[in-house]
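Engineer:
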């Protein structure tokens, strides 16, 4: 006669309550799905950390691909399962930009921008915000400012792993209205060579002035 165990056979299994793929740094919460009424667990997360909790949580702080091992056991049985490449953490791209033209000018002001972001996976999309309500999804856009002011420019990128980065260049573009020269005089004709003529400057948007009286 063979003895019959009252303790069921254990089969280790698990899933996650959170995403097991992410960017930069990833917090993963594991859920035990083992059958056979286990009462002890040993997790190896592949990142140098282990746990004996039933449903543990761990942090993957370094980009990489990680194998996860769960050993579940009860008084009579033990079983292990390994999920190869179960957790994937990708390197975040770093958004950056340069302006290929002067940073200040008069309306209408044309500016050339270039994306100089760094990445480990090719960039899939770009989103520019020029600070005046205008935007572009081109990698290296040219843009014409039609209103005056001081504008911040932002570039948001998404790479092939769906990792994102945002860069903001604060108050980088300065656009002024083009000055309009104008003046009035109190007299325009006189037979007196000693006549004093008074000029009134009615120019718009000027800051510096040079008069030539002819």
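Numbering (the working numbering), first residue to last: 14 to 227.
We put the CB at the ideal spot given by N, CA and C, even for glycine.
When the distance is taken between beta carbons, is residue 23 closer than 7 Å to residue 59?
Structural biologist: Position 46 of the chain shown, counted from the first residue, corresponds to residue 59. Position 10 of the chain shown, counted from the first residue, corresponds to residue 23. No, Cβ-Cβ distance for residue 59 and residue 23 is not below 7 Å.
Engineer: Taking just the CA atoms, how far does residue 124 sit from residue 115?
Structural biologist: One-based indexing of the chain shown puts residue 115 at position 102. One-based indexing of the chain shown puts residue 124 at position 111. Going by the C-alpha atoms only, they are around 7 Å apart.
Engineer: Tell me, please, which residues DSSP counts as bridged to residue 212.
Structural biologist: As a working note, residue 212 is residue 199 in the chain shown. In the DSSP output, where bridge partners are listed per residue, residue 212 has 198.
Engineer: Do the segment 209 to 217 and the segment 189 to 199 meet, that is, are 3 or more Cβ pairs less than 8 Å apart?
Structural biologist: yes
Engineer: Would the beta-carbon of residue 83 be found less than 6 Å away from any heavy atom of the ligand GTP?
Structural biologist: Questions concerning the ligand GTP fall outside what the structure shown contains, since it holds no ligand whatsoever.
Engineer: Using only the alpha-carbon positions, how far apart do residue 76 and residue 28 sit?
Structural biologist: Walking along the chain shown from the start, residue 76 turns up at place 63. Walking along the chain shown from the start, residue 28 turns up at place 15. Going by the C-alpha atoms only, they are around 21 Å apart.
Engineer: Mind checking residue 225: buried by the 16 CB within 10 Å criterion, or exposed?
Structural biologist: One-based indexing of the chain shown puts residue 225 at position 212. The residue in question, residue 225, is exposed, as its Cβ has fewer than 16 Cβ neighbours within 10 Å.
Engineer: So what does DSSP say about residue 99, is it helix, strand or coil?
Structural biologist: What you label residue 99 is simply residue 86 of the chain shown in a count that begins at 1. Here residue 99 sits in strand by DSSP.
Engineer: Based on DSSP bridge pairs, tell me the residues matched to residue 7.
Structural biologist: Residue 7 cannot be examined here, being either before or after the span of the chain that is shown, 14 to 227.
Engineer: Can you list, in chain order, the residues of its chain with a C-beta nearer than 7 Å to that of residue 154? Leave out the 5 residues immediately preceding and following it.
Structural biologist: As a working note, residue 154 is residue 141 in the chain shown. Taken in chain order, the residues that qualify are 126, 141.
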